Amino acid sequence: MADPSNSDQNMKTLVLESLRDRATQADSINTSLPLAFINVSHEHKLLEMSVEASPWTRNVSGIMHGGAISTAFDITMGLLCKAYANTSFTPTISLQVNFCKPVPLGACLHIQAKLSSVNRKFFQVQAEAWAQDQPNTILATASAIFYRASGEDV
Numbered sequence: 053m054a055d056p057s058n059s060d061q062n063m064k065t066l067v068l069e070s071l072r073d074r075a076t077q078a079d080s081i082n083t084s085l086p087l088a089f090i091n092v093s094h095e096h097k098l099l100e101m102s103v104e105a106s107p108w109t110r111n112v113s114g115i116m117h118g119g120a121i122s123t124a125f126d127i128t129m130g131l132l133c134k135a136y137a138n139t140s141f142t143p144t145i146s147l148q149v150n151f152c153k154p155v156p157l158g159a160c161l162h163i164q165a166k167l168s169s170v171n172r173k174f175f176q177v178q179a180e181a182w183a184q185d186q187p188n189t190i191l192a193t194a195s196a197i198f199y200r201a202s203g204e205d206v
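The numbering of the sequence shown is this note's numbering, which starts it at 53 and goes up by one.
Below is the structure:
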């Protein structure tokens, strides 16, 4: 049986490499919405990231814009798929986001994504988001399907 901590370390390395690559993409959403690694578990098929609800993410109501929240979900869930399967490309097929409560500006938004199903071609992922200072209050949820692309699909 494989050492789970080794699998966790491999996933963490892949996530951190992906985050470093994204940080070099000047003038992109990846540099504007920088996510930070929190935790990973290969055994539990989960990844936790965080992002600050910074002023540029503000909508007309003065809270974090739903598009920024959706993007944070999409990136976190996609990175989970990529790292779990050690594949290079996991495009989003569908993404559904439910906004439960407003995300205040200045909040450190935590997102935990969990793989609910993995097969040869697809990943199904669920995720929840909460503010760091209120971990028991879910602010948004998401579900998504990602494609497990092969080399010829890229």
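C-beta atoms are modelled at their ideal positions from N, C-alpha and C, and glycine is treated no differently.
Predicted model only: the values in this text are computed from it and were never measured.
Query                                                                                                                      : Result
Spatial neighbours of Arg-110 in its chain, beta-carbon cut-off 8 angstroms, leaving aside the 5 residues before and after : Met-116, His-117, Leu-157
Backbone secondary structure at Asn-138 - three-state DSSP                                                                 : coil
Met-53 classed as buried or exposed, judged by whether at least 16 other C-beta atoms fall within 10 angstroms             : Its pLDDT being 41, under 50, Met-53 is placed unreliably in this model, and the coordinates cannot settle the point.
Tyr-199 beta carbon less than 9 angstroms from that of Thr-1                                                               : This structure cannot settle anything about residue 1, because the visible part of the chain is limited to 53 through 206.
Own chain, CB closer than 8 angstroms to Asn-138, minus 5 neighbours either side, in chain order                           : Asn-62, Leu-66
Exposed unless 16 or more other CB atoms sit within 10 angstroms - verdict on Thr-83                                       : exposed
One or two residues paired with Phe-175 in a DSSP bridge                                                                   : Val-170, Phe-198
Candidates Ser-59, Glu-180, Val-170, Leu-191, of which the one nearest Ser-93 by Cα                                        : Ser-59
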